[in-house]
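Right, one structure below, let's go through it.
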Amino acid sequence: PERTEARVVAATHQNLESLVAARSFRADLYYRLRVVDIEVPPLRERMSDVPLLAAHLIRRAGETLGRPTPVLSQEALDVLLAESWPGNVRELENCLTRAVVLASGNVIRAEHIQIGSAEPGTSTAPQTLDALEREHVIRVLRSFDGHKARTARALGVSRPRLDRLLRKHGLE
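Heads up: the sequence shown at position 60 corresponds to 348 in the numbering used here, and the numbers run straight through without jumps.
So this is what it looks like as structure tokens:
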């Protein structure tokens with residue numbers, strides 16, 4: 289047998305102490321996990337973190353999507369700062385990933401920021417990033433009457449990249 293070393297970082301929004309008292313959570317596991325407590329306040333209580341978090345999340349979304357990293361306009365940042373972010377950083381990340389897909393140039397503008405619906409599961413937006421990307425490519429392609437070079441330029445991608453996107457989404 290090989291010896292391994294591991295560290296566990298766990299997060300929860302549950303009160304584990306009360307769950308242990310109610311015998312809904314194993315006490316031995318609770319005490320093993322509770323070596324160091326780090327309390328992170330919700331995003332709405334640390335709005336000064338939003339600009340730095342947004343820059344990081346936009347950069348990461350751009351890398352993941354294989355796109356140039358757009359810049360967040362002041363108007364878009366103002367929209368982000370006006371939100372209460374009940375879904376915390378995950379909600380901000382989803383919002384900014386969507387904005388990176390929707391931004392047709394190098395700037396994320398206020399109109400690219402789409403805050404999720406108030407009730408989880410009530411959104412009529414596509415459920416996958418691929419579906420959102422496909423809809424956006426179709427919309428931009430139509431706005432340029434099928435002109436691929438202009439569409440690629442508006443999307444901020446190369447012409448070969450646009451061709452790959454069209455093939456990927458069955459839009460050839």
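For each residue, glycine too, the CB sits at the ideal point set by N, CA and C.
Of the residues the options, the one placed nearest residue i, counting alpha carbons only
i	options	result
Ala299	Glu327, Phe313, Ala310, Asp316	Glu327
Ala419	Ile401, Phe432, Leu453, Gly434	Leu453
Val359	Ala342, Ala310, Arg378	Ala342
Ala387	Gly350, Arg295, Ile401	Ile401
Val395	Val297, Thr357, Met335	Thr357
Leu369	Glu381, Met335, Arg447, Leu353	Met335
First through last residue of the alpha helix (DSSP H) which encompasses residue i
i	result
His424	417-431
His344	338-353
Ala315	315-321
Close-in-space but distant-in-sequence residues of the same chain around residue i (CB under 8 Å, 5 per side omitted)
i	result
Ser372	Arg332
Residue(s) in a DSSP beta bridge with residue i
i	result
Ile326	DSSP, once it has assigned bridges, lists no residue as partnering Ile326.
Leu360	Ile396
Contacts around residue i, its chain only, beta-carbon distance under 6 Å, and the 5 residues preceding and following it disregarded
i	result
Leu443	Ser392, Val428
Leu304	Phe313, Tyr318
Glu381	Leu345
Neighbourhood of residue i by C-beta distance below 7 Å, restricted to the same chain and skipping five residues each side
i	result
Gly409	Residue placement at Gly409 is flagged as unreliable, the pLDDT there being 42, under the threshold of 50; the coordinate-derived value follows with that caveat. Excluding positions up to five away in sequence, the list is empty.
Leu450	Lys436, Thr439, Ala440, Leu443
Closer than 7 Å: residue i CB and nearest the ligand GTP heavy atom
i	result
Ser312	As for the ligand GTP, it is missing from this structure, which has no ligand bound.
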